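A.B. asks: First, the structure itself, so that you have it in front of you.
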Amino acid sequence: MSEHPETDIAANLDLVRGTIARAAAAAGRDPASVTLVAVAKTHGADAVARALAAGQRVFGENRVQEAKAKFPDLRAARPDLELHLIGPLQTNKVKDAVALFDVIQTLDRPKLAKALAEEIGRSGRRPRLCIQVNTGAEPQKAGIPPADLPAFLGFCRDECGLAVEGLMCIPPQDEEPALHFALLADLAKRHGLPVVSMGMSGDFETAVRFGATHVRVGTAIFGARPPLPT
Ligand SMILES: *Cc1c(COP(=O)(O)O)cnc(C)c1O
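229 is the number of the first residue of the sequence shown in my numbering; add one for each residue after it.
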């Protein structure tokens, strides 16, 4: 866990919130209709505590183990904290994920839908669920291809009894994100799903213009992350 004591998290949060509010207003949307998910991955509990002190309540993590090490104490101190899983979920971590997260944004395959349904039935805990959509149909990327979404939604609802509330995407790195944001928002609308999770530090302003209800912002709040171990 790296720490960035020089990063002014409160000031960064103000800037990001201001950008969201302006982008929402410009698009004729209520700024309150956009939830800022502060992505704390690789940053320690101290950084999350500083964001909490600045009024932030919704956080994202992309790894179950890291979240499990970081959040239980913070949540005990702040019961209104809301935690989103935004990274890939392996079926052997489903039990921990259902226990820990309020929202799982990365439902991306039938096997995972079945495992989640089983654990939700067993535990009685009901995290809200979003389906990750591979809007760029990239072979190496997780997510349901747009063409398969209707069938997968049907599978989740009818075979697994899961209530899906929205969609999330991570656009291809080398493409104009607006096209992917427009596609995701359109898919959500067509299927009557209220949650649209899209936009990161580099493009959340665009995502808000295209209808994001949740933006996932890490670097612009907490500062740069150390490079991923290879
Ligand atoms: C890391 C991550 C983010 C945040 O990325 P930044 O560019 O640091 O804002 C958003 N979404 C997902 C799925 C991520 O893994």
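Heads up, the beta-carbon is just placed ideally off N, CA and C, and yes, glycines get one too. None of these values were measured; they are calculated from a predicted model.
What I want to know is whether the C-beta of N362 ends up closer than 8 Å to one or more non-hydrogen atoms of ligand 1.
C.D. replies: Answer for N362: no, Cβ out of range of ligand 1.
A.B. asks: Excluding the 5 residues preceding and the 5 following G246 in the sequence, name in chain order all residues of the same chain whose CB lies nearer than 7 Å to its CB.
C.D. replies: Here the set comprises nothing.
A.B. asks: I want to know whether the stretch 338–355 touches the stretch 364–375 - three or more CB-CB distances under 8 Å.
C.D. replies: Taking 8 Å as the limit for Cβ pairs, the verdict is that the stretch 364–375 does not touch the stretch 338–355.
A.B. asks: Could you spell out where the alpha helix (DSSP H) holding E445 opens and where it closes?
C.D. replies: Per the sequence presented here, residue 445 reads as Val, with Glu not at that position. First-last for V445: H442 to V445, but that is the beta strand (DSSP E), not the alpha helix (DSSP H).
A.B. asks: What's the gap between the Cα of P454 and the Cα of A327?
C.D. replies: Cα to Cα, P454 sits roughly 28 Å from A327.
A.B. asks: Is there contact between the stretch 381–392 and the stretch 405–412, where contact requires at least three CB pairs shorter than 8 Å?
C.D. replies: Touching, no, given that fewer than three Cβ pairs across the two stretches are closer than 8 Å.
A.B. asks: Confirm the yes/no value for this check: CB of A410, any heavy atom of ligand 1, distance under 8 Å.
C.D. replies: Outside the cutoff, so no.
A.B. asks: Could you give the DSSP three-state label for F329: helix, strand or coil?
C.D. replies: If DSSP states are grouped into helix, strand and coil, F329 belongs with coil.
A.B. asks: Does the distance from the CB of D431 to the CB of P399 come in under 9 Å?
C.D. replies: Yes, the pair counts as a contact, with Cβ atoms nearer than the cut-off.
A.B. asks: So the beta strand (DSSP E) F172 belongs to, where does it begin and stop?
C.D. replies: Past the edges of the chain, shown from 229 to 458, lies residue 172, and the structure says nothing about it.
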